[in-house]
Each structure stands twice: as C-alpha cells, then as structure tokens.
Amino acid sequence: MLGFMFRWAQGESFDFFGLFAVPALMAPNPDWKHTLGGLHENVAWALIILSGLHACVALVHHWWLKDSVLLRMLPENR
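This is how it looks when you write it as structure tokens:
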C-alpha cells in the first residue's frame with residue numbers, strides 16, 4: 001500500500017499488472033512524497049532483515065539444535 005500511496009503523492013497513475021490503470025487519487029504533494037518514500041524504504045528494509053533472520057534461525061534449528069523443526073515444514077514423501 002505504501003508503494004501505491006507513494007506513486008499517488010507523485011501525482012502518477014500506475015498499471016496494475018497490465019490489467020488496468022489506476023489513476024492518481026491525489027494531487028502531487030512533495031511533502032507526502034518524501035514522507036511516504038522514506039517510510040516505504042524503511043518498511044522494505046525491515047521486512048528484508050526480518051526475513052533473513054527468520055531463515056537463519058530455521059537453519060540454526062536444523063544444524064545446531066538438530067531438532068526437526070525445519071524438516072516438519074517439508075511436505076511428506078508419498
């Protein structure tokens with residue numbers, strides 16, 4: 001949602017996966033553009049870091065703790 005709002009704050013419409021165009025819902029606003037752009041970047045980095053940490057902890061469970069947490073996530077062999 002932040003990406004959509006950031007584009008709208010720039011006064012730009014965007015193409016929704018080639019299905020249809022979503023027009024700009026607000027007039028260009030440099031203050032909102034700056035605020036939403038920074039917020040979008042910070043949230044994106046937080047998600048990247050949390051995803052990486054989550055993957056590392058899964059590997060710690062598998063290699064260091066040697067429990068079956070990671071293996072239980074895999075589908076059963078049939």
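Reminder that position 17 of the sequence shown reads as 17 in the UniProt record's numbering, one-by-one numbering, no gaps. Every residue gets a Cβ at the ideal spot worked out from N, C-alpha and C, and that includes glycine.
Length of the line joining the Cα atoms of residue i and residue j
i     : j     : result
LEU36 : PHE17 : 22 Å
PRO23 : HIS61 : 47 Å
PHE6  : PRO75 : 39 Å
ILE48 : PHE4  : 19 Å
TRP45 : ASP67 : 30 Å
Cutoff 6 Å; reference residue i; Cβ partners in own chain excluding five residues on either side
i     : result
ALA58 : LEU70
Sequence-distant residues of its chain with Cβ nearer than 8 Å to residue i (five each side left out)
i     : result
LEU2  : LEU36, LEU39, HIS40 and VAL43
LYS33 : PHE6, ALA9 and GLN10
7 Å Cβ shell around residue i - same chain, five flanking residues per side excluded
i     : result
ASN29 : ALA9
ASP15 : ALA21
Pair within 8 Å by beta-carbon distance, residue i and residue j
i     : j     : result
GLY11 : ALA27 : yes
>> Extract the residue ranges of the beta strand (DSSP E) inside the UniProt domain "Cytochrome b561 bacterial/Ni-hydrogenase" (15-75), only unbroken runs of 3 or more that lie entirely within it.
In response: 20-22
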